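Peer 1: First the structure, which I've put down as structure tokens, then a few questions once you've had a look.
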Amino acid sequence: MSIKLSVSVIMMLVYALILYQCSADVGVFCRGKSCYEVLGLQKDTADSSAIKKAYYSMSQLFHPDSPSGGDDQKFLDVADAYRALKDEKTRIEYDEFLDHPERFYFSTDSWIKKSSVGRQESVLTVMLMIFVGLTFGDFMFKRASYNDLRRRLVHDPLVQERIRAVRGLPDVAVSKKGKKKRDYDPKLAESITDEEINKVVHHAEWFSTQAPTLATLLPVRMLSWPKSLLLLVIWVGHWLIVFTICRRQYGDEQKKFLIRYYLGLSQKQWDFIPEHRRQTYLEQKLWDFKTFQVWRRKQRNRSGESGGDDSFID
């Protein structure tokens, strides 16, 4: 008996919550009031003509520009009420909702669910618009990064000096002290091509900011993400088991990977580096992180003393 009583009490509470929620939903339309009351009408006697007449009368009375000063909030309430009642079909549904709110609470296509928030864009449309915006932003960012870095390189005296050597042009002028002048040549900068830069520049920043193409667009890159993620999980698991848990010695491929990782290079960027330079990295044991840190500090000090960015040059 007590179980039946408990079930009855629970059902009554649920029903009360439904009615409370539905009554709260009415407030979405006319702020807790009946839309008929807002227009000063009775639900049983109101028709399209009476609703329209009441709307025009009250909208003029409460309009912010009316002689009496108007009332912004009441003007908005009147507009909301008229929007809910002006169409006969929606008015019939609204009347049904007022009489039996519990029928509409679980209905996904009820008038209140369709009309309370106005026109809505589909989720697919919104996601597509966001995706297009991200793709465009990614393309513009890559193009701006490429143009900025290329401008820096073609005006770098060290890069121009190496390109002169590749072209077989004479060296730059020598100062009275016997030192080469490191002033960039504007005309030479305008004629430098990407192919020539690739021959003399071996730097992660340059190879990671190539001019964007169709193959580098975000949607195209996303196609390879699932496969790349799967391969990454397999590779990480193998590395942890073999070299972290079993503590095996690194082979040449693993050492090259660590050096490439410390340098911040992708496989494509690493392949652009001349073979003799990669071999030098191995001989210097840069796969050891402490050794790499010492080497990196020396490289930075060397770049500062030379007055240019030697890290761009092979």
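The sequence shown lines up with residues -24 to -1, 1 to 290 when you count with mature numbering (1 follows the signal peptide of the UniProt record, and there is no 0).
Here a beta-carbon is modelled for each residue, glycine too, at the ideal position from N, C-alpha and C.
Since the structure is predicted, the reported quantities are computational estimates derived from the model, not experimental observations.
(1) Verify whether the separation of the beta carbon atoms of lysine 118 and proline 188 is less than 8 angstroms.
(2) For phenylalanine 265, does the count of other Cβ atoms within 10 angstroms reach 16, so buried, or fall short, so exposed?
(3) With respect to the alpha helix (DSSP H) encompassing alanine 141, which residues constitute its N-terminal and C-terminal limits?
(4) Arginine 278 to tryptophan 271, Cα distance in whole Å?
(5) Just checking my contact of valine 177 with leucine 104 at CB under 8 angstroms: how many whole Å lie between their CB atoms?
(6) Would you say glutamate 64 and serine 10 are within 8 angstroms of each other, going by their C-beta atoms?
(7) Roughly how many whole angstroms lie between the Cα atoms of cysteine 222 and threonine 192?
(8) Check whether the Cβ atoms of leucine 208 and isoleucine 235 lie closer than 8 angstroms to each other.
(9) Going by beta-carbon coordinates alone, are arginine 54 and serine 42 separated by less than 8 angstroms?
(10) Restricting to Cα atoms, I'd like to know which of Val14, Pro40, Ser121 and Thr21 is closest to tyrosine 31.
(11) Please report the Cβ distance between leucine 17 and alanine 26, rounded to the nearest whole angstrom; I am assuming they are in contact, meaning their Cβ atoms lie under 8 angstroms.
(12) Can you tell me where the alpha helix (DSSP H) with serine 167 in it begins and where it stops?
(13) Distance check for leucine 145 and phenylalanine 233, CA to CA, integer angstroms please.
(14) Alpha carbon to alpha carbon, what distance is there between glycine 109 and phenylalanine 115?
(15) Alanine 165 and glutamine 136 look like a contact to me (Cβ under 8 angstroms); what is the Cβ gap, rounded to whole Å?
(16) What is the residue span of the alpha helix (DSSP H) that alanine 55 lies within?
Peer 2: On the basis of the coordinates in this document:
(1) yes
(2) exposed
(3) 133 to 143
(4) 11 angstroms
(5) Incorrect: roughly 39 angstroms between the Cβ atoms, too far for contact.
(6) no
(7) 39 angstroms
(8) no
(9) Inspection of the sequence shows that residue 54 is occupied by valine rather than by arginine. Their beta carbons are not under 8 angstroms apart, which means valine 54 does not touch serine 42 by this criterion.
(10) Val14
(11) 6 angstroms
(12) 162 to 167
(13) 38 angstroms
(14) 10 angstroms
(15) 7 angstroms
(16) 48 to 61
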